[in-house]
Structure formats: structure tokens, C-alpha cells
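Read through the structure below, which is laid out as C-alpha cells, and then see the notes.
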Amino acid sequence: MSERASREKRDPLARKKARHTPPSARSRAMHAMSARAAMGRFVLQVCTSCGTATYPPRDACPACWGELAWQDIENGGQLLSHTIIHATTDLYFRDHLPWRTGTVALDAGPIALVHLHRDLAPDDRVEVRILLDRSGNAALFAFPPDRGFDMTDPQLREFIVPVQGKTVLVSDARSAIGLAMVKALHDAGAGLIMAGMLPPTRIADADHPILRLPDVQMVPLDITDQVSLSEALSKIGGPLDIVINTARHVRSGGVSGGANIVEQRRAFEVAAIGLTRLAQSCGPMLAGRSHGAFVDIISSDALTGSADHAGFAAAEAARLSLLQAFRHEIREAGVRVLSIFTGPVEDEHHQSIPPPKVAPARLASATIEALQKGREQTCVGDVADDAMTRWLADPALYAREKNL
Amino acid sequence: MTLTPNQTLSTMIAGIADGAIRAIDLTNILSSDFPVIVLPSEFGQCEPFRMETVSRYDANGPAWYWNNISMNEHTGTHFDAPAHWVTGRDIPNGTVDAVPPEDFIHPAVVIDIAPQAAADEDFIVTRAFLEEWETRNGPIPPRHWVLLRSDWSKRVGTLSYLNLKDDGAHSPGPDADAMRFLVHDRNCIGLGVETVGTDAGQSSLFDEPLPAHSILHGNGRYGLQCLTNLDQLPVFGSIIIAMPLKIKGGSGSPLRVMALAPTDAA
Amino acid sequence: MSRRPSSYDGVAVCAPVTVPYVRFSPESAHWWAGRALQQLAQVAGLQPADIDGFCFSSFSSGPDSAVGMIQHLGLTPRWLDHIPTGGASGVMALRRAARAVQCGDADLVVCLAADTNQIDSFRHSLAGFSRFSRDAVYPYGYGGPNATFALITDAYMRRFGITRADFGKLCVAQRANAGSNPLALQRKPLTLDAYLAARPIADPVHLFDCVMPCAGAEAFIVTTPEIAAERGLAAATIMATIERHNAFPQDPVQYRGGWAMDIDGFWDAARIAPTDVDTLQVYDDYPVIVAMQLEDLGFCPKGEAAQFIRETSFDIDGDLPLNTNGGQLSAGQAGAAGGFQNMTEGLRQIIAQPLGAQVPDAEISLVSGFGLVNYDRGVCTGAALLKALR
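Chains as they are written, first to last, in this note's numbering: chain A, 1 to 404; chain B, 1001 to 1266; chain C, 2001 to 2390.
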């Protein structure tokens, strides 16, 4: 278990720190790079005719004017020059000076301006990763090779969501996923974990070994009820840094045959309207924070629908749609919105579904990792991986297969 | 001397006006956090009360305040019609819209089980208990609401109201013999309770499960749940006014329940 | 092998005007252009109808290009051009206007650059500067070109062993030259110690390596020697010019500019050598670019700028008078007008109409431009040799 950081204290009279975000305008090609970076990929455009790799993103190959296609590619390079920026007109970077950047010759060919890890010096070998900056756009960051994520680097902290010492709300902590999430947050050193307990509360909840952890505070919470949500948030005595929305309503059933309208409605109330409620109520709280983040656990069925869990999948699809809009809305405030896609989970709701299933603990640890790597989109487990791969490759075919 | 109907009504109104007759609200506040009954997860669940503000003198309605509300029929202080239970499915006028208006007003008898319920949260009201009660208080008159005062309403807002444990809910209620006694031998209008259901928390495990629901509704009687302020009523002499919403084909309804009782009897 | 360009016979350059710079201006680029034309009218006796060619450069005239500008200013030219190359725009305007006049497409071309500098307009103009900058430079904290040039300077210093003191000598000399220019925004003498002690902006770039953005306008006339004489305008001829864009794209970090590709033909065409140059007016936004030009324009071999700087005096009365008005580093950088400033000053010195002190016996000026950091380097370069027409 990591050392528990104490929670932040603030001068109540001090004017609130204004949060800025880095410049956010990008070309369409750059957005394509960001969309891939959101999945943790390192990609460059490569010419389909002559194989030349290019950067910054272009719309034609500079060597032969051929078509360019995004390709996963080696991410090594060498640092050619570096600078430490001490003065800038950009409001976001003014808040974070001094700032290190450099010029890297990528092994793949192009030259890239990069954010620079503090331990790098000219001529060093580097490993470049594409992270998302606080505006949600792809940003190249050069690390010492094989050093992994060094979260003590103050610049890197701008690209990730630290968990240690932070106040986290888990919207449904009673479920297997929720309990695992609370445990993982505790293990990662979260400062205060608000564990949302879906009413009715059971007397035995107070004795649950995870919910009894000293940094866990149970709070009645049903995100389908605005009053409940408002009261739960009122019990958070300080700032709220991270919301992890584990609430979902998993039920089997079709659309015409076997459809259960009450269950479908509940699924939408929880997954879709519930997300809107959470976003509305928590968004302003997160926006004031240095590393605000909203994490949503979402079924990979959201991509295509699902013939045997039609209502659930539809609700998850609505949730995905809302989540994407919310991500865009709150980007300007520097709040990260992370999607964690999962297939069936090893829990009470998926008893009749054969393996592979995702263990709740795995889902939880993947969530912590996504936060700490600032990855916007993560697929956990074989089912979600497979779903995303097939959906990206041929969405129409995959939707057809999935609903056969 | 018999009063004419006019005199009866005038006397009653005068009594309410001068305080000789008290109006007592037996209703809990309907709010989203008021617990609803929890069934085993294989069954559909009761939706709690929900309220969304449409406007409150704001951009969505500058001069008016109103809310959209939604709930299950059996939410908060509520009325169970005969059609609520399978045993009452064929009862004539068994849905709330068809309840004869004269059934909205009936006298009540209040049976105090608070000491027993305090000692045993699974306290069962038996026929023997009721007969013993009658020896001390007199017979339960016909065509009365039978109200079980358990003081359970004082638990509202705490975990011990639903009192859910690993093995289910724990709250007092009648057994089947008691219900047959009340329905067939005492011809009650219905059963009113402070708990979330007319049946005991563990009644699904009884030899005859859920006897209150089964026997009341199978015989065209009504249920009132989640009542409060029963401790302010006399054992005899109060009148209950309970009018469910006129929901087409409805099985029950949240409602405002009130009692009229002589002040000096309190 | 490229063909050898024709000479610039029959072309005269004259009437350099400078609208005095100010740090911030609430006026528009159009207003600044108007002031420049008004000055030209005074020195050359021009009416709008006399101008049949117009070549315009500006970063801040949006949404107007040269088209909007001519209607705004009441011109009816038969030849029009818009030059988007910033620091290289003066040389490029000269080249285009000269050929238009030489070929008879125009008789009198006004080359004009104007830019305003409103509070915060620098930050706003950055956002729309270039696609590569928007995608891959500004999101890295740059907020302007300082850090890009810091990376170029860092690599250049380590590669060639040039020091901050060497750069400092250039900046100190230009500040000294600015001392006699009443229009220079920064005329307070700069010492090498003060230069070295300045606060870092983006290592190794420090405060006095950076120009001060300002508002201003510059203009000159390209016409025939006959028309210049009729109007009583002292003039210069063009000995040779070069221009190159996106040179050496394979260089990982820029250490040379496009001049190096074309420099031999440049001196051949002019039939002179670098030692014949009386004044050197080079683009100087960051001294590393001055050092690069000293090498790439042939004053010293590549990699030996440090030695050359140490051995040379750049003052107005020195061995190689450099940026004699103070350059952009001291006079100020008025956007695209910064790319015209070297042209007007080089012309002034050889027609004996300096803003400040006169370089003794100046007859030949070398004017060099460098413009547009589109991504990681300056893309556009050009140079021109001007000789007094006597």
C-alpha cells in the first residue's frame, strides 16, 4: 500500500485559482492523431505509396504526394536540442513554468517538438509517447527509455490524473465493481473515498471490510435521484477531484420478445440520465480542481447494441453518447473524461454468461492505471478489446454480428 | 335523540372548528428518500418517489414553480386495493378507481403492539393476541379499519425502518389466523400499519406466506401502509378518511390519510 | 542547374519611408498603411493615380488582403501582389516589383508593409499563424517563436561552439547603432554584462536576444531610373537577388538557411565579393539567425561565425556596419514591416538619407530576409544587393 497523502487544505479567503488549458485549436489530421492517442497508441502518418513517415500531421505525403495512413510505429528517438521555457504569453503554461521542451529526431524519420522529461539531455536516446494534454489533444512527451511513468516529474503530472491524496466519489460502491474500485483507490493512496451506497442501506454494510477502511466514507447515493445526489455531494467536506461512475443496470432481454420496459427504463435512468445528473452536479466541482477527472465504466456493448441485453446495451450506448458530449464540454475546464470499456464482468449480473469475463479487481486496477497514465479510452479484458478492434475495423459488420 | 344528517355534519364541522374534534394527519412526507418495499431481486422492484423541477421562477418558467413527479403506486403512505393481490383479482370494484366512495370514510380501532414490537422486531400478531386484547379492550367492532400501532413510524429516517438484514427485512405483522379472525369474524374494512407493508418483514417464510395481503385482498378488504401518528388516536372512536387517487385500473395509490378523533379521548 | 537570372537593368529602388513605430497601437494595419502612403506622397509627390503597382505585406490586416487594401486606400493598380513571408517579405517584394517594372507590367510599384500591435494582438495572431504551429508548436508552451529559436540556438551553440558572449556582441553593436536612430524604440546603451545577466526567456535565449513586437509601417518605391529622376528621388539599382523556401528540409535542426543553396550565383551575378559590402542589413530576430547569415551569405565559412564575430566590428563606423538602424532587436519589430525594415535602411544608407548616423561612403548594401517559422525553422529566405545609382 502506498503512503497516504494528507488531503489538501485551503485558505478560505483566497481567491479561487483560475484554471487554464493549453491552446486547443487543431487541424482535422491532428484530431485523428488525438483520437488514436486517446487509446494509448503511438502512431504516425505513413505514406501508402512510398512509406515515408511524417509529422506534424499532413494531408499529403511531402515526399511523393501520396495518401497518408495512420500506423502504429516505433517510438524511439534521439534528443537533438532542448530548452527550458521561462516566459510565455500562454496563460496555461505561465501557470506551469519553467517548462521543458525539446527537438527529437524520431527513429521513424520525422522531427518532433516534444514535452521533455526533466532527466533528459541533448543526444540522449528517448522514448516518445503520445499523451493527451489538458485540452484533450495529442501531445508528444519524451521519456528516458525504459523508465516508465515517473509521476514525480511535475510536467508529466499535467498529463495524468494522480490518485494519491485525492478525494474520489464512487457512484455505486455496493456492486462488485464498486467494491473493487474502492479497494483499488484505497491501495493507490486516495485521500478520501466517498462510497455511494444505493438505497436501501443494509445494516450489514457498515461491517463490510472494504467499506470500513478508514479513508472510506459511505454515503447514500442513487444517481437516478437528484435529491440523493445533492445530499451525497453535500457530505463531501472539501474539494472533489475524481468521480468514478460505476453505476449500471445490467439486465438481459430483447426488444420485442423478452423486453421488460420497467427494467429498460431503469437501465436508462441509471446509465444515461444518471450520467447527466452526475455530470451536472459534479462537473463544476471537478472544474475547479488541478487534476479533475470523470471516469465512466461502460459496456463495450455500447458500441453496437446487443441482441440478448438489448435494453442494457441501448442504455450504455446512450451513456457513451452523453459521455462524449460531456468530454467535449468540460475539456475547456481541463477536466479529463475517461472511458473504461469492459465486457461481461465476473459478478452477480453475468452469472449466465460464459468466460472470458473481467474480474472486478482487474477493472479497478485498469481504471487506476488509466488515470495515472491519463489515457482517455481503455478497453479492459478480451471481450472489450475484441469488440473495439472489430468495431474500429468494420462497425457495420460488427453491429450485424453482435446482433445476430 | 337522533341527529338529522344536516345536524350531524354541522356538529362535526363545529367540533373541528372549536377543537372538540381533532384532525390528525396520519401521512408520512412523500420524498425520494422515503423507503419503499424491497422484493427479492428476481422480481420487479418498486420505484421510489422522484421529483424533477420543471421550473422555479427561472428561465424554464419565470413566474411559476412546479415539478414532475413519478413513483410506484405503493410508495410512501399508500393504499392497497384488492386487485393488488392475486387473491383479489376477481373482486368487483377491486381497483382504486372503482372503490366505492363510502369506503373512503370508516371508523377505526387502534391496537397497540408497540411494546411487543419493541421487544421483538419480528413480533407476530396472532388470533390469540387479538382475543386477549379484546378481553381487555372490548370487541373489535365490525366495518372498522384495524390499525396496528407499532411505533415503527418513529424509525423513519433510520436503517431500522426497513430493517434489512442479510436474511431480509424484520418488522411486525399478523399471521394468517389473525387475518382470518379480523376479516371473517370481525368484518374489518382493512388493516392499517406503520410498517412498509401490511405483512410482517419475514412473512414470506410463513406457512401461509404474506397472509395480510392474501386474506385482506382476497376478501375485498383494503390495506393502508406507512402510517404515522397512530399514537395520537384513541383505541375506539376515531374516523379515518383515506381516498386513493383515481388511477384507472390502479392497484393502489399514495394518498393523504387523516383521522378525526374526539379531543378528550386522546 | 537553374538558369542564370537576368540583370535588373532599368529598375530603380527609391523613396524609403518609415512610419515611426509605437509599442502598442489602437489603430489598424490599414491606418498604418495610410500613414506610409501619406509619407510617400510627401517625398515623391504621388497621387493615388500615380501608383500602378502595389505590393503589400501584413500579418494584421485581416480580413483584408492586398485586394481589400487597395480599395480601402483608393488605388487602381494594374499590377498587384500580396507577400505573406514576414521577415523575408522586403526582399521578395523588391524582386517581384523589379521584374514587373522591368517588363513593363507596371511603372511605379509601391512596396508597403504595415502591421499594428494592439494589446494582446500578438497572442491572437499566434492562433491563426500556421497549421503546423497550431498543431505541433503552440501546444508545447511556446506562446510565440522564442522557444523554437531557443531549440535552434541550443543546437547551433553546441554544434559550433559559439557562445552567448558572441551573440551578445551582435546585440550590443546593434543597440549602439540604434543610439543615433531617433525612431528606434530601444536606444538605451546595452552592455555585454547586462546582455549576459538578462533573465532567461527560453534557455539559451535571454531577454536581449528577443525583439520587441510593435506597430509600424515601412514602404519603398520600385520604378524606372527615369521616373525616379523626374520625381527627384535618389535611387539605387539592384545588383543581384536570391530567394529560397523550405531549404534543406532534411536537416534535423536548422543550422543553415536557404541562402546557402544559392549564394555562389548571388555573388557571381553581382560581380562583387562580401568584402565589397558597405552595410549589412540582415534579419535579426534572434542573433543566432544573424550568425547563420554571416556564414550562409559568405562572410565566413559555416561554423566560423564565432571567430568572425570576435574579429569584426559591427558598429556604424566599424568593419561591417550591421543593422545600422538598430535592427529589429533595437528599433522594434513591426510584424511584416520588420521584413521591410532592413530594405529601407539598406537603401537609406546608400542614398545618404539615414534615419540616424551615416555609414561613411556607403555605396553597396546587402539586405537579407528570413521569415515564417512555420514549424521548427524559418522557411523563407532571400537576399538582395543594392548599389547607389549615381
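We put the CB at the ideal spot given by N, CA and C, even for glycine.
Residue i in three-state terms, based on DSSP
{"i": "residue 332 of chain A", "result": "coil"}
{"i": "residue 1206 of chain B", "result": "coil"}
{"i": "residue 2021 of chain C", "result": "strand"}
{"i": "residue 2218 of chain C", "result": "strand"}
{"i": "residue 1137 of chain B", "result": "helix"}
{"i": "residue 2048 of chain C", "result": "helix"}
{"i": "residue 399 of chain A", "result": "helix"}
{"i": "residue 1266 of chain B", "result": "With a pLDDT of 49 at residue 1266 of chain B, under the threshold of 50, the predicted position of this residue should be treated as unreliable, though the coordinate-derived value follows. In the structure shown, residue 1266 of chain B sits in coil (DSSP, three-state: anything other than H, G, I, E or B)."}
{"i": "residue 1048 of chain B", "result": "coil"}
{"i": "residue 2201 of chain C", "result": "strand"}
{"i": "residue 3 of chain A", "result": "With a pLDDT of 49 at residue 3 of chain A, under the threshold of 50, the predicted position of this residue should be treated as unreliable, though the coordinate-derived value follows. Coil at residue 3 of chain A, not helix or strand."}
{"i": "residue 129 of chain A", "result": "strand"}
{"i": "residue 104 of chain A", "result": "strand"}
Below-7 Å beta-carbon distance, residue i vs any chain B residue
{"i": "residue 200 of chain A", "result": "yes"}
{"i": "residue 387 of chain A", "result": "no"}
{"i": "residue 225 of chain A", "result": "yes"}
{"i": "residue 203 of chain A", "result": "yes"}
{"i": "residue 46 of chain A", "result": "no"}
{"i": "residue 262 of chain A", "result": "yes"}
Identified DSSP bridge partners for residue i
{"i": "residue 1085 of chain B", "result": "Residue 1085 of chain B pairs with nothing; no bridge assigned."}
{"i": "residue 2279 of chain C", "result": "C:2365"}
{"i": "residue 405 of chain A", "result": "Beyond the ends of chain A as shown, which are 1 and 404, falls residue 405 of chain A; an answer cannot be given."}
{"i": "residue 1248 of chain B", "result": "According to DSSP, which records beta bridges pairwise, residue 1248 of chain B is partnered with nothing at all."}
{"i": "residue 115 of chain A", "result": "A:101, A:141"}
{"i": "residue 1068 of chain B", "result": "B:1052"}
Beta-carbon proximity check, residue i vs residue j, cutoff 7 Å
{"i": "residue 131 of chain A", "j": "residue 172 of chain A", "result": "no"}
{"i": "residue 330 of chain A", "j": "residue 367 of chain A", "result": "no"}
{"i": "residue 158 of chain A", "j": "residue 145 of chain A", "result": "no"}
{"i": "residue 2315 of chain C", "j": "residue 2176 of chain C", "result": "yes"}
{"i": "residue 2100 of chain C", "j": "residue 2241 of chain C", "result": "no"}
{"i": "residue 2173 of chain C", "j": "residue 2381 of chain C", "result": "no"}
{"i": "residue 1047 of chain B", "j": "residue 1072 of chain B", "result": "yes"}
{"i": "residue 1224 of chain B", "j": "residue 1259 of chain B", "result": "no"}
Below-7 Å beta-carbon distance, residue i vs any chain A residue
{"i": "residue 2201 of chain C", "result": "yes"}
{"i": "residue 2132 of chain C", "result": "yes"}
{"i": "residue 2383 of chain C", "result": "no"}
{"i": "residue 1165 of chain B", "result": "yes"}
{"i": "residue 1254 of chain B", "result": "no"}
{"i": "residue 1172 of chain B", "result": "no"}
{"i": "residue 1040 of chain B", "result": "no"}
{"i": "residue 1030 of chain B", "result": "no"}
{"i": "residue 2283 of chain C", "result": "no"}
{"i": "residue 1216 of chain B", "result": "no"}
{"i": "residue 1210 of chain B", "result": "no"}
{"i": "residue 1168 of chain B", "result": "no"}
{"i": "residue 2137 of chain C", "result": "yes"}
{"i": "residue 1061 of chain B", "result": "no"}
{"i": "residue 2253 of chain C", "result": "yes"}
{"i": "residue 2166 of chain C", "result": "no"}
Chain C within 7 Å of residue i, Cβ atoms only
{"i": "residue 56 of chain A", "result": "yes"}
{"i": "residue 133 of chain A", "result": "yes"}
{"i": "residue 1 of chain A", "result": "Unreliable positioning characterises residue 1 of chain A in this predicted model, as indicated by a pLDDT of 39, which lies under 50. A coordinate reading is not provided."}
{"i": "residue 26 of chain A", "result": "yes"}
{"i": "residue 120 of chain A", "result": "no"}
{"i": "residue 34 of chain A", "result": "no"}
Ordered list of beta strand (DSSP E) runs contained in the region 1088-1116 of chain B, each at least 3 residues: The beta strand (DSSP E) runs lying completely inside the region 1088-1116 of chain B and spanning 3 residues or more are 1105-1112, given in chain order.
Interface residues of the region 269-281 of chain A facing chain F [CB-CB below 8 Å]: Of the protein chains in this structure, namely A, B and C, none is chain F.
Complete runs of the beta strand (DSSP E) confined to the region 1001-1032 of chain B [at least 3 residues]: You should have 1021-1025.
Every unbroken alpha helix (DSSP H) inside the region 266-329 of chain A [4 residues or more]: Fully enclosed alpha helix (DSSP H) runs of 4 or longer: 274-287.
Length at least 4, wholly inside the region 136-163 of chain A: the alpha helix (DSSP H) runs in chain order: Runs of the alpha helix (DSSP H) inside the region 136-163 of chain A: 154-157.
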